[in-house]
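Enquirer: Those letters in the sequence shown? Residues 352 to 716, by this note's numbering. I have a structure here, written as structure tokens, and I will follow up with some questions on it.
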Amino acid sequence: MHIADGRSLWQRVRPYVLVFDLPLALIIGALLSVGLITLYSAGIAIPGKVWDQLRNIAAAVMVMWFVANIPPQTMMRLAVPAYALGVALLVAVALFGVIKGGSRRWLYIGTQIQPSELMKIAMPLMLAWFFQREQGHVRWQTYAMAALLLAIPAGLIARQPDLGTALLVTAAGAYVIFLGGLSWRALAVLAGLAAAALPALWAVMHDYQRDRVLTLIDPYHDPLGKGFHIIQSMIAIGSGGVTGKGWTHGTQAHLEFIPERTTDFIFAVFSEEFGLLGNLVLMVLYLLLIARGMAIAMNAPTLFTRLLAGSVTMIYFTYAFVNMGMVSGIVPVVGVPLPFMSYGGTALMTLGLGGGILMSVQRHR
352 MHIADGRSLW QRVRPYVLVF DLPLALIIGA LLSVGLITLY SAGIAIPGKV WDQLRNIAAA
412 VMVMWFVANI PPQTMMRLAV PAYALGVALL VAVALFGVIK GGSRRWLYIG TQIQPSELMK
472 IAMPLMLAWF FQREQGHVRW QTYAMAALLL AIPAGLIARQ PDLGTALLVT AAGAYVIFLG
532 GLSWRALAVL AGLAAAALPA LWAVMHDYQR DRVLTLIDPY HDPLGKGFHI IQSMIAIGSG
592 GVTGKGWTHG TQAHLEFIPE RTTDFIFAVF SEEFGLLGNL VLMVLYLLLI ARGMAIAMNA
652 PTLFTRLLAG SVTMIYFTYA FVNMGMVSGI VPVVGVPLPF MSYGGTALMT LGLGGGILMS
712 VQRHR
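Here you go:
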């Protein structure tokens, strides 16, 4: 077999090893580092948390590297199978899924999986492929079909019930539909219809979901019960002041007043220990992450890659906004982690997959 141009082994494998977009990798690395520092403090009484998270990060980086090597053309071919597999798994969950805490969200197939996580990426993949196929003759029927493709998995996830994930999947698909050319006028009409449907939504919500909305409006109506956790979280954020109490010196976290302090409420721990200045630095990092993602989307060569990169970037924004909002008491409490900071393997895999998609789009321009 002929060896081309006498290049060394490193020269031949280098394009497949050094696949990360440097600005994006540096931003994600900074967020992961801040997350590990905060997790050490939040989980100081829980041995092994940091080492477990390091393993999660290693797995997420491997996923990111693997996906960054996949050309967008291959992703486009995988869009329909990934969407079909995700919907099939959601139907399987509805039929014979594992029930935990009153919710049927998991499926056991040798190991336990949560298929709704797959839809966070499969949904924008599918809709980006759909709009690429319809490019040049987009009509109102196109948007109606896209809405149907979005409603099927979102409805199955909401039925589990998992309203938080259903809203995230809906947001991921809605970003593609909007970036695909939906007019502001149509968006205003849809927003009006959504507002008009709120009474019907309230009627079908579960009691615990209604309690979350009522707690958002007035957490002090049950300060020692349903409102206790969000009140303690807001106390932690406020008590941090401008400069914070110092690393590992947060009283709300170490006295175990903050719920889920290593996962969904890690932002409260960070705010108490690093204060307003730390929060500003963290928000700048997330703004840089979103700005870099949008720059990659704008420079993408095809409609498919532009829509996909734009949607993945806005998923990062949604995660960060919703998590910080719920911990601060401005949106209802839902199970949304803080990107690249909260402890957990599944969420990190999804976020790493999204980062790999952005890097693939940038690499294969």
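The beta carbon of each residue, even a glycine, is placed where N, CA and C say it ideally should be.
#1: Buried or exposed: which applies to residue 373, given that a residue is buried once 16 or more other Cβ atoms fall within 10 Å of its Cβ?
#2: Counting Cβ pairs, one atom from each stretch, are 3 or more of them under 8 Å apart for the segment 388-404 and the segment 646-666?
#3: Should residue 688 go down as buried or exposed, given a rule of 16 or more other Cβ atoms within 10 Å for buried?
#4: Please report the Cβ distance between residue 527 and residue 466, rounded to the nearest whole angstrom; I am assuming they are in contact, meaning their Cβ atoms lie under 8 Å.
#5: Please identify the residue among 570, 592, 494, 710 whose C-alpha is closest to the C-alpha of residue 583.
#6: Within a Cβ cutoff of 6 Å, which residues of the same chain sit near residue 621, ignoring the five residues on either side of it in sequence?
#7: Can you tell which of 472, 552, 381, 413 has the C-alpha that lies nearest to the C-alpha of residue 432?
#8: Would you mind sorting residue 493 into buried or exposed? The rule is 16 or more other CB atoms within 10 Å of its CB.
#9: Can residue 504 be considered in contact with the ligand COA, in the sense that its beta carbon sits closer than 7 Å to one or more heavy atoms?
#10: Quick one: what's residue 450 bridged to in DSSP?
#11: Where do the N-terminal and C-terminal ends of the alpha helix (DSSP H) with residue 621 fall, by residue?
#12: Identify the continuous alpha helix (DSSP H) that holds residue 468 and give its terminal residues.
#13: Is residue 560 helix, strand or coil by DSSP?
#14: Spatial neighbours of residue 680 within its chain, please: C-beta separation below 8 Å, excluding the five flanking residues on both sides.
#15: Using 10 angstroms around the beta-carbon of residue 558, count the other beta-carbons present and answer buried if the total reaches 16, otherwise exposed.
#16: Would you say the segment 658-674 touches the segment 403-417, given that touching needs at least three Cβ pairs under 8 Å?
#17: Per DSSP, residue 492 forms a beta bridge with which residues?
#18: I'd like to know whether the C-beta atoms of residue 711 and residue 419 end up nearer to each other than 8 Å.
#19: Between residue 505 and residue 520, is the Cβ-Cβ spacing less than 8 Å?
Expert: Let me lay it out:
#1: To locate residue 373, count along the sequence shown from 1; it is residue 22. In the assembly as shown, residue 373 is an exposed residue. Its beta-carbon has fewer than 16 other beta-carbons within 10 Å.
#2: no
#3: On the sequence shown, residue 688 is found 337 positions in, with the first residue counted as 1. Per the 10 Å Cβ criterion, buried.
#4: If you number the sequence shown from 1, residue 527 lands on position 176. If you number the sequence shown from 1, residue 466 lands on position 115. Actually they are not in contact, since the Cβ atoms of residue 527 and residue 466 sit about 20 Å apart, beyond 8 Å.
#5: As a first step, residue 583 is located in the sequence shown; it is residue number 232 there, counting from the start. Residue 583 has its Cα closest to that of 570, out of 570, 592, 494, 710.
#6: In the sequence shown, the residue the question calls residue 621 occupies position 270. Only 389 meet the Cβ criterion.
#7: On the sequence shown, position 81 is the one that residue 432 refers to. Ranking 472, 552, 381, 413 by Cα distance to residue 432 puts 472 first.
#8: Here residue 493 corresponds to residue number 142 of the sequence shown, with the count starting at 1. Buried, because 16 or more other Cβ atoms sit within 10 Å of the Cβ of residue 493.
#9: The model on display carries no ligand, and the ligand COA is accordingly not part of it.
#10: As a position in the sequence shown, residue 450 is number 99, starting the count at 1. According to DSSP, residue 450 bridges with 455.
#11: In the sequence shown, residue 621 corresponds to position 270, counting from 1. From DSSP, the alpha helix (DSSP H) with residue 621 extends over 617-649.
#12: By one-based count along the sequence shown, residue 468 stands at place 117. Note, residue 468: alpha helix (DSSP H), 466-484.
#13: Numbered from its first residue, the sequence shown carries residue 560 at position 209. Helix at residue 560.
#14: As a first step, residue 680 is located in the sequence shown; it is residue number 329 there, counting from the start. Contacts found: 567, 570, 581, 584, 585.
#15: Here residue 558 refers to the residue found at position 207 when the sequence shown is read from its first residue. Exposed: under 16 other Cβ atoms inside 10 Å.
#16: The segment 658-674, when compared against the segment 403-417, does not touch it at the 8 Å Cβ threshold.
#17: Taking the first residue of the sequence shown as position 1, residue 492 is located at position 141. Beta-bridge pairing links residue 492 to no other residue.
#18: Translated into positions along the sequence shown, residue 711 becomes position 360. Translated into positions along the sequence shown, residue 419 becomes position 68. Taking 8 Å as the Cβ cut-off, residue 711 and residue 419 qualify as a contacting pair.
#19: Position 154 of the sequence shown, counted from the start, is the residue given in the question as residue 505. Position 169 of the sequence shown, counted from the start, is the residue given in the question as residue 520. Yes, these two residues count as a Cβ contact at 8 Å.
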